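With full-length UniProt numbering, letter number 163 in the sequence shown gets 163, and the count goes up by one each step, no holes.
Glycine included, each C-beta is placed from N, C-alpha and C at the ideal position.
Remember, predicted model here, so these are calculated numbers, not experimental data.
Please read the structure below before turning to the comments.
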Amino acid sequence: MDIQNVDGFHYLSTLPDQSIDLVLTDPPYIISRETGMNTHYNKVKENEANEVEFVKTEAEWETYKVEHEILNDDKKDLYRRYGSLYGKKYCVKTDYGAWDSDFSMELLDQFIGQYYAKLKKGGTLILFFDLWKISYLKDLLEKHKFKQIRMIEWIKTNPQPLNSSVNYLTNCREIALVGVKGTKPTFHSKYDNGIYRFPLQGGKNRFHPTQKSLELFEALIQKHSNENDVVLDTFLGGGTTALACKHTNRQFKGCEISTDYFEQVMKLI
């Protein structure tokens with residue numbers, strides 16, 4: 001297993017062409033944004049740090065009750081403490097910072113070209129990406145001569161809630177495109193509808209904001225590669241691909257540019 005704390009392009013430059021059997025990766029989706037959800041998250045964290053007990057007054061609660069035709073005071077404490085009837089229930093971070101906002105479609109284009117060069121003939125690329133940009137991803141795969149392009153879908157059985165005004169359905173599912181270099185890919189399944197139902201990664205091993213399901217990645221690796229094959233991930237993040245390779249007896253090669261995430265992954269592995 002080879003894991004390095006370096007930039008993805010630098011790591012790819014160290015690999016021989018046609019040396020990889022499977023690329024399974026989850027690059028930034030280029031979706032960081034300031035939403036109402038993220039503003040609420042930041043405000044709650046700020047108030048907790050400053051030990052602010054109430055953010056709304058009694059008078060503001062009474063006005064809110066009238067405006068929204070609320071007949072009782074059951075939610076009064078939540079509203080006064082957090083400014084929301086739901087309290088902290090939907091306190092979810094949706095801005096992933098420079099890690100996501102500094103990425104671009106132009107960089108993704110370059111990565112896909114490198115993946116094609118590093119894959120063996122018959123090798124497979126599985127790349128997760130934003131649902132609303134999936135047609136652009138398909139165009140890039142075709143540009144770099146990937147064949148047999150198809151879509152797979154991960155249905156999250158325990159999704160985090162999102163603001164219903166901001167594409168809430170996309171938080172319940174994620175999409176990846178599969179492309180093959182040439183023909184005759186490794187594929188261990190007679191019948192496959194491309195739909196996978198697994199929970200989000202939880203517990204102490206979840207430390208990355210977009211960490212994928214370990215069960216999902218184990219299933220994908222077993223289906224699209226053989227034991228002892230070489231699997232690559234240049235956006236290792238929470239280490240899911242490396243750990244899945246360890247569990248399925250595959251050789252792993254990859255990198256993570258963040259020193260913090262890299263160190264946590266090395267402890268996990």
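Just the C-alpha distance for LYS143 and ASP109, rounded to the nearest angstrom, thanks.
Within the sequence shown, residue 143 is the residue found at index 143, counting from 1. Within the sequence shown, residue 109 is the residue found at index 109, counting from 1. If I take the Cα positions, the gap works out to 9 Å.
Is the beta carbon of ILE126 sitting closer than 9 Å to the one on THR25?
Residue numbering aside, residue 126 sits at position 126 when the sequence shown is read from its first letter. Residue numbering aside, residue 25 sits at position 25 when the sequence shown is read from its first letter. Their beta carbons are under 9 Å apart, which means ILE126 touches THR25 by this criterion.
Short of 6 Å in beta carbon distance, which residues of its chain neighbour VAL6, apart from the five on each side in sequence? Order them along the chain.
Translated into positions along the sequence shown, residue 6 becomes position 6. The residues are CYS255.
Under 7 Å Cβ to Cβ from GLN4, same chain only, skipping five residues before and after it: list those, please.
Here residue 4 corresponds to residue number 4 of the sequence shown, with the count starting at 1. Once the five neighbours on either side are set aside, the close Cβ partners of GLN4 are TYR11, CYS255.
Output the distance between the C-alpha atoms of LEU78 and LYS156, rounded to the nearest integer angstrom.
For the purposes of this step, residue 78 is taken as the residue at position 78 of the sequence shown. For the purposes of this step, residue 156 is taken as the residue at position 156 of the sequence shown. Going from the Cα of LEU78 to the Cα of LYS156 covers about 29 Å.
For ALA219 and LYS190, what's the separation of their Cα atoms in angstroms?
Within the sequence shown, the letter at position 219 stands for residue 219. Within the sequence shown, the letter at position 190 stands for residue 190. Going from the Cα of ALA219 to the Cα of LYS190 covers about 14 Å.
With a threshold of 16 other CB atoms inside 10 Å of the CB of THR63, please say whether the residue is buried or exposed.
Counted from its first residue, the sequence shown places residue 63 at position 63. By the 10 Å Cβ count, THR63 comes out exposed.
Can you find the residues in the same chain that come closer than 6 Å, C-beta to C-beta, to ASP2, ignoring five residues on each side of it along the sequence?
Locating residue 2 in the sequence shown gives position 2, counting from the first residue. Counting only Cβ-Cβ distances below 6 Å, and skipping sequence neighbours, we find LYS253.
On a Cα-Cα basis, can you pick out the residue from TYR115, LEU71, ILE112, ASN47 that is closest to GLY83?
On the sequence shown, residue 83 is found 83 positions in, with the first residue counted as 1. Of the candidates TYR115, LEU71, ILE112, ASN47, the one whose C-alpha sits nearest the C-alpha of GLY83 is ASN47.
Going by DSSP, which residues form a beta bridge with CYS255?
For this step, residue 255 is matched to residue 255 along the sequence shown. Its beta-bridge partners are GLN4.
Does the count of Cβ pairs from the region 255-265 and the region 213-228 closer than 8 Å reach three?
The region 255-265 vs the region 213-228: no contact.
Can you tell me which of ILE269, GLN264, ASP260, GLU263 puts its alpha carbon nearest to the alpha carbon of ALA244?
The sequence position of residue 244 within the sequence shown is 244, counting from 1. Minimum Cα distance to ALA244 is reached at ILE269.
Measuring only the C-alpha atoms, how far is GLN251 from LYS133?
Counting from one through the sequence shown, the residue named residue 251 turns up at place 251. Counting from one through the sequence shown, the residue named residue 133 turns up at place 133. C-alpha separation (whole angstroms): 31 Å.
Please state the DSSP three-state secondary structure of LEU24.
As a working note, residue 24 is residue 24 in the sequence shown. If DSSP states are grouped into helix, strand and coil, LEU24 belongs with the strands.
If contacts are defined as beta-carbon pairs under 8 Å, then GLY122 and GLY182 qualify, I think. What distance do you get, rounded to the angstrom?
Along the sequence shown, one-based indexing puts residue 122 at 122. Along the sequence shown, one-based indexing puts residue 182 at 182. With a Cβ gap of about 6 Å, GLY122 and GLY182 count as contacting.
According to DSSP, GLY182 sits in a beta bridge with which residue or residues?
As a working mapping, residue 182 is identified with position 182 in the sequence shown. BP columns for GLY182 are empty, so no partner.
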